[in-house]
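Asker: Protein sequence lines, in the order shown, are assigned to chains G and S. Under this note's numbering, the first residue of the first sequence carries the number 1, and numbering increases by one thereafter. Under this note's numbering, the first residue of the second sequence carries the number 1, and numbering increases by one thereafter.
2 protein chains.
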Amino acid sequence: MSRAFGFSVKAQDGMARTGEIATPRGTIRTPAFMPVGTAATVKAMHPAAVKALGADVVLANTYHLMLRPGAERIAELGGLHRFMQWPHPILTDSGGFQVMSLSKLRKLDETGVTFQSHLDGARHLLTPERAVEVQSLLGSDIQMQFDECVRLPAPDAEVERAMRLSLRWAERSKKAFGAKPGHALFGIVQGGASPVLRIESAKALTQMEFEGTAIGGLAVGEPQPVMLAMIETVIPHIPEQKPRYLMGVGAPDDLIEAVARGLDMFDCVMPTRAGRHGLVYTRHGRLNLRNARHAQDPAPIDPQARGAAARAFSRAYLHHLVKSGEILGMMLLTEINLSYYQELMSDMRDAIAAGRFADFTAETKAEWARGEHAATT
Amino acid sequence: MSRAFGFSVKAQDGMARTGEIATPRGTIRTPAFMPVGTAATVKAMHPAAVKALGADVVLANTYHLMLRPGAERIAELGGLHRFMQWPHPILTDSGGFQVMSLSKLRKLDETGVTFQSHLDGARHLLTPERAVEVQSLLGSDIQMQFDECVRLPAPDAEVERAMRLSLRWAERSKKAFGAKPGHALFGIVQGGASPVLRIESAKALTQMEFEGTAIGGLAVGEPQPVMLAMIETVIPHIPEQKPRYLMGVGAPDDLIEAVARGLDMFDCVMPTRAGRHGLVYTRHGRLNLRNARHAQDPAPIDPQARGAAARAFSRAYLHHLVKSGEILGMMLLTEINLSYYQELMSDMRDAIAAGRFADFTAETKAEWARGEHAATT
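1. I'd like to know if G/Q85 contacts chain S, where contact means its C-beta is closer than 8 Å to some C-beta of that chain.
2. Between which two residues does the beta strand (DSSP E) harbouring S/G217 extend?
3. How many angstroms separate the CA atom of S/T114 from the CA atom of S/E148?
4. So, helix, strand or coil for S/V249, using DSSP?
5. Would you give the residue range spanned by the beta strand (DSSP E) that G/G139 belongs to?
6. Got a sec? Which residues, its chain only, sit under 6 Å from S/A44 by beta carbon, not counting five neighbours each side?
7. So, for G/R17: in the same chain, excluding its five sequence neighbours on each side, which residues have a beta-carbon less than 6 Å away from its beta-carbon?
8. Report the residue ranges of all alpha helix (DSSP H) runs contained in full by the stretch 273 to 351 of chain S; include only those spanning at least 4 residues, in chain order.
9. I need the boundaries of the beta strand (DSSP E) containing S/G19, first residue and last residue.
10. Could you tell me whether the stretch 34 to 48 of chain S touches the stretch 265 to 285 of chain S, using the rule of 3 or more Cβ pairs below 8 Å?
11. If I follow the unbroken alpha helix (DSSP H) through S/D156, where does it start and stop?
12. Determine the burial state of S/A157: buried for a count of at least 16 other Cβ atoms within 10 Å of its Cβ, exposed for fewer.
13. Provide the residue span of the beta strand (DSSP E) that contains G/T27, from first to last.
14. For a contact meaning CB atoms closer than 7 Å, what does G/T41 contact in chain B?
15. So the candidates are S/I215, S/R168, S/Y245; which of them puts its Cα closest to the Cα of S/M208?
16. For S/R244, does the count of other Cβ atoms within 10 angstroms reach 16, so buried, or fall short, so exposed?
17. Just curious, the alpha helix (DSSP H) that S/V196 is in, first and last residue?
18. Starting from S/V384, follow the beta strand (DSSP E) in both directions and report where the run begins and ends.
19. Would you report the Cα separation of G/Q98 and G/L91, rounded to the nearest angstrom?
20. Which whole-angstrom value is the C-beta distance of G/V234 and G/A202, which I expect to be below 8 Å?
21. Bridge partners of S/A60, per DSSP?
22. Give me the subset of the stretch 51 to 71 of chain S whose CB atoms are less than 7 Å from a CB atom of chain G, sorted by chain position.
23. Are three or more beta carbon pairs between the stretch 118 to 132 of chain S and the stretch 62 to 78 of chain S nearer than 8 Å?
24. Check S/Q116 in the structure and name its three-state DSSP category.
25. Taking buried to mean at least 16 other C-beta atoms within 10 Å of its own C-beta, is S/N337 buried or exposed?
26. Nearest to S/R3 by CA position, among S/T27, S/Q116, S/A11, S/A308, is which residue?
27. Which one of S/L318, S/V259, S/A305 has the shortest CA to CA distance from S/N288?
28. Mapping DSSP to helix, strand and coil, what is S/L228?
29. Between which two residues does the alpha helix (DSSP H) containing S/A75 stretch?
30. Below 8 Å on the Cβ atoms is my contact criterion, and I expect S/K242 with S/E211 to pass it. Report the Cβ-Cβ distance as a whole number of Å.
31. Quick one: Cα of S/D93 to Cα of S/Q143, how far?
32. Could you say if the stretch 68 to 79 of chain S and the stretch 278 to 298 of chain S meet the contact criterion of at least three C-beta pairs nearer than 8 Å?
33. Which same chain residues, not among the five before or five after S/T376, have their C-beta less than 8 Å away from its C-beta?
34. Considering G/A11, what are the terminal residues of the beta strand (DSSP E) in which it resides?
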């Protein structure tokens, strides 16, 4: 394994590319989907199973972990990898997004954000320097700069103000991070749905020479075409030889479209959250296991799936578990979803390497469109 | 694997004995602990993991499954083994206990019990014949006769009436069961805390020649000495060459004391329920992971445990998961508890085979008594 952080593109097909991010904790095959391990656990999944399904890296949330059990606590216990028994790479966000969406009584100024914990009301201060410190205490392999996420819709002036503040915080984040061999800090492109602001943000971050570039503030409710247009706007202005990470995305279709436009990394709660609410993603689209039509169906979710859970258990059994509120239902559906997501990423990597990403996209979308009936009859 | 149901004692040490129950679905090593799989799932456990921890057989609940998803439904889907992906032996209770503790508007007469489902209020009738039919539809390997469980404390006359009714229901259960090669039906000794009634019940059931004998109506809140006295009263009056099953028991100490008195089979929700409530059973007694003293403790639950979960994860991490209400906390604690229970059963079998069950009992109790501090310092 590499002692340094690095990225190499192995093959390119149109704008889509496949490669490897090297870290001392292991290699991340790209395009990569990172399961979300909010509170130091990918919900309802044993960490060994997350790896077995094909994940090379998980995401953990700075905001949640700094509040409970605390970053200093995790550091004393040997860091987040040991704490959660995940010896592979971990990417951490900076807390910027969640401090805005979850905390109470926020007060934002140039320094940072003062807020009250949503758990116990305790007061905390998050600054670019503290966000880097927390991520370093956790032992994160890939850190994110501290940024301000504006709730959309917002006036243009507000989006612009937050984007500029995020650039100043990017500089402070980079200075605080310093040199950490084997570890990386990514900048985050902001600017809402404004091409002008997005380009300004992208150019300024590129000059700061982060180890990778994230695109933030998308997949927050806007239509997919807006998201894709923003990606196309940003990509020419961020480094080609460094990883590109689309934060918080997405549905399977979003992943394919973003990979087609040159993105390398993704995270999303969708597969895990859906699995706890009776929904599964498959080659034939999305199924709601709560639906009574599954109650007597002996068919598995997908007899051709690579993951065992999608092949072994009947839809009738999964329906029963979901209706009964059984924990095993959440476990199996989460497993099925994460397995499908990793299968999709693996297939995308293979298709890019084989120079047939456009064909793969067309085939995959056709299978989604054929849907359930083709699958079961 | 045997095509017939059978039981053989391999070694005896005092009254304690170790042996094997042969079934077409596999061998059950005794003394055996059966994890409870109420609604066709051992809660928070993947079925393959239940087997990997050492369970040869699980218990499923007739009452729950007849109400949801329904016995006929499970039969159409190929039976309970296929439904829950547990190809090994399954023991089912008869519904008698839960119809009394969970259902609404019960009406009991000589025929059986009419009741309303606690789920949707639908009316159902459970009789000895229907209880056998339901268990046969499920495909149960070891069925229980339908019996009446009296809520204790109860007047002697009430206990006596219910015991006699249960004997008549035992005959009807046996007749309904008929001959099912490779499958077994067990009678259930009732009679509360009355030695006279217990002996009458035991003798009458012995004459009916069931494939095994269960002792019911214990571990319902009475002090352990009362339970052990009833066991000692019953054992001389039930067949020695057939399995003896103590229903709904128990804590680790109950298991050792019952094995010492000749019991072969046990089931209890304790390890699984405790695991969902922050409690773990270990060689050094019981721990409450909610306790703040675990918050900074890097030690695992037990570095010498045979189960991986008790060795891999720190108490601090498990405390964090429990405090955060994370599903993984319930999964890991359930795994730790079931692993400990199976380890205890395995050690008891080895100790009996080696003729050192008394020493093993003394050593095990001494370890429990030394407790936590000896374990962590």
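Glycine included, every Cβ here is placed at the ideal spot set by N, Cα and C. Please read all numbers here as calculations on a predicted model, not as lab measurements.
Answerer: Walking through what the data contain:
1. Here residue 85 of chain G is taken as the residue at index 85 of the first sequence, counted from 1. The beta carbon of G/Q85 sits closer than 8 Å to some beta carbon of chain S.
2. Translated into the one-based positions of the second sequence, residue 217 of chain S becomes position 217. First-last for S/G217: undefined, no H or E at that position.
3. Residue 114 of chain S sits at position 114 when you count from the first residue of the second sequence. Residue 148 of chain S sits at position 148 when you count from the first residue of the second sequence. If you take the alpha carbons of S/T114 and S/E148, they lie about 13 Å apart.
4. Within the second sequence, numbered from 1, the residue matching residue 249 of chain S stands at position 249. Residue state, collapsed to three classes: coil.
5. Locating residue 139 of chain G in the first sequence gives position 139, counting from the first residue. Element bounds for G/G139: n/a, residue is neither H nor E.
6. For the purposes of this step, residue 44 of chain S is taken as the residue at position 44 of the second sequence. Once the five neighbours on either side are set aside, the close Cβ partners of S/A44 are M330, M331, T334.
7. What you label residue 17 of chain G is simply residue 17 of the first sequence in a count that begins at 1. V9.
8. If we require 4 residues or more, the alpha helix (DSSP H) runs fully inside the stretch 273 to 351 of chain S come out as 308 to 312, 315 to 323.
9. Residue 19 of chain S sits at position 19 when you count from the first residue of the second sequence. Residue range 16 to 23 is occupied by the beta strand (DSSP E) that includes S/G19.
10. yes
11. Indexing the second sequence from 1 puts residue 156 of chain S at position 156. Counting along the chain, the alpha helix (DSSP H) containing S/D156 begins and ends at 156 to 177.
12. Indexing the second sequence from 1 puts residue 157 of chain S at position 157. Flag for S/A157 reads exposed.
13. As a first step, residue 27 of chain G must be located in the first sequence, where it is residue number 27. It spans 26 to 30 - the beta strand (DSSP E) in which G/T27 sits, taken as one unbroken run.
14. Reference to chain B is not applicable here, since the protein chains of this structure are G and S.
15. Translated into positions along the second sequence, residue 208 of chain S becomes position 208. Checking every option, the nearest Cα to that of S/M208 belongs to S/R168.
16. The sequence position of residue 244 of chain S within the second sequence is 244, counting from 1. That one is buried.
17. Residue mapping note: residue 196 of chain S aligns to position 196 of the second sequence, counting from 1. Counting along the chain, the alpha helix (DSSP H) containing S/V196 begins and ends at 195 to 208.
18. With chain S covering 1 to 377 only, the question about residue 384 of chain S has no answer from this structure.
19. Sequence index remark: in the first sequence, residue 98 of chain G carries index 98 (1-based). Sequence index remark: in the first sequence, residue 91 of chain G carries index 91 (1-based). Using only the alpha carbons, I get a separation of about 16 Å.
20. Translated into positions along the first sequence, residue 234 of chain G becomes position 234. Translated into positions along the first sequence, residue 202 of chain G becomes position 202. Right, the Cβ-Cβ distance comes to about 5 Å (below 8 Å), so this counts as a contact.
21. Indexing the second sequence from 1 puts residue 60 of chain S at position 60. Its beta-bridge partners are S/T92.
22. Legend: CB atoms of the stretch 51 to 71 of chain S lying less than 7 Å from CB atoms of chain G belong to residues R68, P69.
23. yes
24. Here residue 116 of chain S corresponds to residue number 116 of the second sequence, with the count starting at 1. If DSSP states are grouped into helix, strand and coil, S/Q116 belongs with the strands.
25. Taking the second sequence and counting its residues from 1, the one referred to as residue 337 of chain S is at position 337. The residue in question, S/N337, is buried, as its Cβ has 16 or more Cβ neighbours within 10 Å.
26. Here the question's residue 3 of chain S lines up with position 3 in the second sequence. Nearest C-alpha to S/R3: S/T27.
27. The residue labelled residue 288 of chain S in the question sits at position 288 within the second sequence. Answer by Cα proximity: S/L318.
28. As a first step, residue 228 of chain S must be located in the second sequence, where it is residue number 228. Helix.
29. Counted from its first residue, the second sequence places residue 75 of chain S at position 75. From DSSP, the alpha helix (DSSP H) with S/A75 extends over 71 to 76.
30. On the second sequence, position 242 is the one that residue 242 of chain S refers to. On the second sequence, position 211 is the one that residue 211 of chain S refers to. With a Cβ gap of about 6 Å, S/K242 and S/E211 count as contacting.
31. Along the second sequence, read from residue 1 onward, the residue named residue 93 of chain S stands at position 93. Along the second sequence, read from residue 1 onward, the residue named residue 143 of chain S stands at position 143. Distance between the alpha carbons of S/D93 and S/Q143 is about 6 Å.
32. no
33. Sequence index remark: in the second sequence, residue 376 of chain S carries index 376 (1-based). Note that S/T376 scores 46 on pLDDT, short of 50, meaning its location in the model is unreliable and no value can be drawn from it.
34. Numbered from 1 along the first sequence, position 11 holds the residue referred to as residue 11 of chain G. Run containing G/A11: 6 to 13, per the beta strand (DSSP E) assignment.
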